[in-house]
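Take a look at the structure set out below.
Protein chains in written order, with the working numbering: chain A, 4 to 329; chain B, 65 to 375.
Below is the structure:
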């Protein structure tokens, strides 16, 4: 292992965040031993699993200078599609439901991607628009009604809750995604192309990488993840309605920012994002123990985001400080 | 100065507005009356009030996503003061002051903290709305004095509400500022090329800070009007408004890349938006379905010029 002074800026940042997350965990566990029990930790992972999956998708999009505000709406729409599919064809089982959610999410992501790639529309406007559209479509599909647990098959609901080696299927999804992303982002050509396209689009274009196409790929992957997460969400909470995961996209973006993903593109790591999610997850699950009302959650998230972005803005200060005219 | 393309955009908006008038008066017999139209203005004036300074901010190449969070925070601050028995004037001052302070926080984060404005205001949006939830929980504040209701429910002359008059006044001030003063030219210059602007000896951070503070102040004003109109404060007040307000600005022809836009466009877009919301409401179409329409409109607004360029 290289000595610390040779580490990259990203590696140092991830290391600091890991220390901070570990410190937070130890502090809470020291005060409340019940926090560190395997059962509670499994619950914590279960609560954070969907956040982890979505944040990995969001990271890809932010890496290539995009942003996906429609992620939670995509999740809600695919979740509703999955629930409706299950209601119409209860005998079909879980596999077609997974396919429906994944396929629909991919298409919704591709729609964002094609607008950003082919028409070069600003990502924030495109996904702001599709956010409204997707939410509206859920209402049209469901007629504003809820799909409740009694309209879902046992299989549909139990899928995420089945346990294997002490963890739920949902948690395993997050673990597999996190491990795959950590490997993927370090060792594949696609990931290098994504970093290149986000870090310096002009230079990437000259080396034969189409930055627009990279954005498209990032949106497709992020959409597919959101779609899959849609089914998982609906299965876990056993209810689907228009407003599920309302505003969740901001929590996802927050996890990315805390994890050190630069909004200007080209910088960020899967490890950092995972740590960012765990950091938020630990705070959320320790609030009731410390006796702070759940209503404080959002405020604390806000403080964490503001501090995180302030710190990372300071770190990057020396880079191109004249050019950026700040 | 070549205003031709801008003029085209605004005449398109005006055409859409006329079309809406014709459509809705054909569809609903109640639409074309002074009372109905006066009622319709309440649908958008508060949002439009915030859209005006936000347009200046976006023209200067920045963005503020925390506006709805500021409205919630200011409303909670007023609600708490009202609980302590504060009078109407004090309440309005507190609302405006909270908005201004929140805007200054955004301004400081962007100018001193050097955080990109979209990230900074995603953070403060969570912070402000979070503070509203933290303080209020699931409570509702509604101990407002009777005279407080006049801001959001009162009329200045005839069918012209105080809200509408304030919006008109603010629109004129913003238009004069942006299109008639040297400072307005600087706002365009910062959005078009911040590096060149700074090298021309202009303190661009001071402008950025002032625009964030102004946007905060306008959000505070919107909070006073909205709270007064509703007569109550919940932490979820004005939820999702940031998207609608940004939609109005972009629909008004302001470029998200900065450097382009006009106040007339934003005012027309606010009218178009307000009439759609109200007209569809008259036809009993639920708000969530209208969001399909708003979203499509938002994308079309940026997609159509892009498609034309590709030819």
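Glycine included, each C-beta is placed from N, C-alpha and C at the ideal position. Note that the structure is predicted; figures quoted are calculated from it, not measured.
Check                                                                                                                    : Outcome
Proximal residues of chain A, C-beta to C-beta of residue 219(B) below 9 Å                                               : Correct list: empty, because the minimum Cβ distance to chain A is about 33 Å.
Residue-level contact to chain B via CB, residue 301(A), 8 Å cutoff                                                      : yes
Residue range of the alpha helix (DSSP H) that includes residue 290(B)                                                   : 268 to 294
Residue-chain proximity (residue 139(A), chain B), Cβ-Cβ < 8 Å                                                           : yes
Top-ranked residue by Cα proximity to residue 307(A), from 285(A), 291(A), 70(A) and 68(A)                               : 285(A)
Chain-ordered residues of the region 113 to 137 of chain A with a beta carbon less than 9 Å from chain B                 : 118, 121, 122, 123, 124, 125, 127, 128, 129, 131, 132, 133, 134, 135, 136 and 137
Completely contained alpha helix (DSSP H) runs for the region 72 to 153 of chain A, where each covers 4 or more residues : 74 to 91, 97 to 121 and 126 to 145
Neighbour flag for residue 305(A) against chain B, beta carbons, 8 Å                                                     : yes
CB of residue 222(A) within 8 Å of CB of residue 101(A), strictly                                                        : no
Reduced DSSP secondary structure (H/G/I, E/B, other) of residue 244(A)                                                   : coil
Coarse secondary structure for residue 298(B), derived from DSSP in three states                                         : coil
6 Å CB neighbourhood of residue 253(B) in its chain, flanking five on each side removed                                  : 261
Buried or exposed (CB count within 10 angstroms, at least 16 for buried), residue 82(B)                                  : exposed
Residue 296(A): contacting residues in chain B (beta-carbon distance under 7 Å)                                          : 201
Against chain A: residues of the region 339 to 356 of chain B by CB proximity under 8 Å                                  : 350, 352, 353, 354, 355 and 356
Assigned exposure category for residue 40(A) - 16 Cβ within 10 Å defines buried                                          : exposed
Beta strand (DSSP E) segment containing residue 219(B), residue limits                                                   : 219 to 221
Where residue 225(B) falls: helix, strand or coil (DSSP)                                                                 : strand
Assigned secondary structure, residue 311(B) (DSSP; H/G/I helix, E/B strand, else coil)                                  : helix
Test: residue 194(B) CB closer than 8 Å to a CB of chain A                                                               : yes
C-alpha distance - residue 93(A) paired with residue 279(A), whole-angstrom precision                                    : 38 Å
Backbone CA spacing between residue 160(A) and residue 237(A) [nearest angstrom]                                         : 8 Å
Cβ-Cβ distance between residue 80(A) and residue 111(A) below 8 Å                                                        : yes
Beta-bridge partners of residue 167(A), as assigned by DSSP                                                              : 170(A)
Any C-beta of chain A under 8 Å from that of residue 253(B)                                                              : no
Secondary structure of residue 205(B), DSSP reduced to three states                                                      : strand
Contained beta strand (DSSP E) runs [length at least 3] in the region 40 to 72 of chain A, N- to C-terminal order        : none
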